[in-house]
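Report on the following structure.
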Amino acid sequence: MGASNEQKIADLEQQLVQMRQQLMQAEKMSTVGVLASSITHEFNNILTTVINYAKMGLRHKDEAIRDKSFTKILAAGQRAAKITTGMLSYARSKGDHKERFELAQLVEDVLVLVEKDLQVHRISLVKNFAQQPSSVVNANQIQQVLLNLIINARQAMDEGGTLTITLSENRADQFAEITIRDTGCGIPPQVLPKIFDSFFTTKTADESGHGGSGLGLAMCKEVIESHQGRIRVESAPGKGTAFTLKLPLAKGQTGFIHSESINKAG
Ligand SMILES: Nc1ncnc2c1ncn2[C@@H]1O[C@H](COP(=O)(O)OP(=O)(O)O)[C@@H](O)[C@H]1O
Ligand SMILES: [Mg+2]
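The working numbering numbers the first residue of the sequence shown as 479 and each following residue consecutively.
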């Protein structure tokens, strides 16, 4: 009797682990859904560029114009490849593997996916990447966190606004910090304590067909805590909100690394 109860508990625990993973994957796919329309539009623009320059190259025999056409077509193709690669690598589930990454790189990879969405919603982007901290992370999970925070920020800025992403390193407590600040609606103080709860959402299903699952921030918190990090929020209703992620700095951090010196060393 006792043994079979233990077995049942072990089975349930196993099911719980699987369901959490499925929920996380579902949350990830819903992000892809939010971005699908802006990415499709961007592909349309890229195709327009490719088609128009291909026509121009065919029409004109002189070398300078053909060179220009090929250059434009190449750039458009490379942009498209960057987006599809980003999308595929984001959608893939890579298990629990952690590696050292420059956080700026992770942020840039996510921005490839959301840039158009921000543009469509008249949101300007400010990047403060003067410091280049590295951290040992599961890149895929951290990107999911960043994407969630950026999409939340965008959804809070109905009338447009500014999204500011700042990277910094706090040498004193050995944390790398990523701050995502918006100039959106803000969060009322009575709501603030609930936002990290699973299934808490203020978003209604009808607005642009995408309601909130209320799982985004719960997932963010879980991922950041599994990295021995912290997630913090500050908000002023009517002014905006800032989320700060703290992740342990990778050992051997030299501070202001310039890509030049990295290239020379490598
Ligand atoms: N940047 C933000 N500005 C204003 N409110 C926010 C912001 N981020 C999160 N929230 C609030 O926290 C709630 C929970 O967020 P989240 O867990 O991502 O779920 P969802 O986005 O599915 O609603 C949101 O419904 C919203 O009320
Ligand atoms: Mg969300």
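Ideal Cβ placement from N, Cα and C applies to all residues, glycine included.
DSSP state of residue i mapped onto helix, strand, coil
| i | result |
| --- | --- |
| asparagine 523 | helix |
| arginine 659 | strand |
| lysine 605 | strand |
| glutamate 491 | helix |
| glutamate 637 | coil |
| alanine 631 | helix |
| arginine 578 | strand |
| serine 482 | helix |
| isoleucine 643 | strand |
| asparagine 616 | coil |
| glutamine 610 | coil |
| alanine 504 | helix |
| alanine 650 | coil |
| isoleucine 665 | coil |
| glycine 511 | helix |
| serine 571 | coil |
| methionine 497 | helix |
Same chain, Cβ closer than 7 Å to residue i, five either side skipped, listed in chain order
| i | result |
| --- | --- |
| isoleucine 524 | Ala554, Arg557, Ala558 |
| lysine 672 | Phe678 |
| phenylalanine 674 | Leu695, Ala696, Lys699 |
| lysine 594 | Ser516, Ile517, His519, Glu520 |
| valine 598 | Ser516 |
| serine 713 | Gly664, Ile665, Leu670, Thr719 |
Expected contact under 8 Å - CB spacing of residue i and residue j to nearest Å
| i | j | result |
| --- | --- | --- |
| leucine 727 | isoleucine 702 | With a Cβ gap of about 15 Å, leucine 727 and isoleucine 702 do not count as contacting. |
| threonine 719 | glycine 664 | 6 Å |
| valine 615 | alanine 569 | Valine 615 to alanine 569, Cβ: 18 Å. No contact. |
| leucine 641 | leucine 596 | 6 Å |
| glycine 564 | valine 528 | Contact doesn't hold; Cβ gap of about 19 Å is too wide. |
| leucine 725 | alanine 654 | 5 Å |
| serine 571 | glutamine 652 | Contact doesn't hold; Cβ gap of about 30 Å is too wide. |
Within-7 Å CB hit, residue i to chain B
| i | result |
| --- | --- |
| isoleucine 561 | Judged by its chain identifiers, the structure shown contains no chain B, having just a single protein chain. |
Neighbourhood of residue i by C-beta, 8 Å cutoff - its chain only, sequence neighbours within 5 removed
| i | result |
| --- | --- |
| glycine 744 | With a pLDDT of 32 at glycine 744, under the threshold of 50, the predicted position of this residue should be treated as unreliable, though the coordinate-derived value follows. Excluding sequence neighbours, glycine 744 sits near nothing in its chain. |
| isoleucine 561 | Ile517, Glu520, Phe521, Val590, Leu591 |
Same chain, Cβ closer than 6 Å to residue i, neighbours up to 5 away in sequence not counted
| i | result |
| --- | --- |
| arginine 745 | Here the chain comprises residues numbered 479 to 744, so residue 745 is not present and cannot be evaluated. |
| lysine 506 | Gln622 |
| valine 592 | Ile628 |
| phenylalanine 734 | Because phenylalanine 734 carries a pLDDT of 49, less than 50, the predicted location of this residue cannot be relied on, and the following value inherits that uncertainty. For phenylalanine 734, where only same-chain residues beyond five positions count, there are no Cβ hits under 6 Å. |
| glutamine 668 | none |
| lysine 681 | Gly689, Gly690 |
| valine 588 | Gln621, Leu624, Leu625 |
Stretch pair the stretch 548-559 + the stretch 493-510: three plus CB contacts closer than 8 Å: no
Touch test, the stretch 688-697 against the stretch 581-591, Cβ-Cβ under 8 Å, three pairs minimum: no
Ranges of the alpha helix (DSSP H) found wholly within the stretch 669-728, counting only runs of at least 4: 694-704
Any beta strand (DSSP E) of 3 or more consecutive residues that is wholly inside the stretch 525-563: Annotation: the stretch 525-563 contains no complete segment of the beta strand (DSSP E) (minimum length 3 residues).
At least 3 beta-carbon pairs within less than 8 Å: the stretch 643-654 vs the stretch 607-621: yes
Meets three-Cβ-pair contact criterion under 8 Å: the stretch 654-664 and the stretch 620-634: Judged by Cβ distances under 8 Å, the stretch 654-664 makes contact with the stretch 620-634, as three or more pairs qualify.
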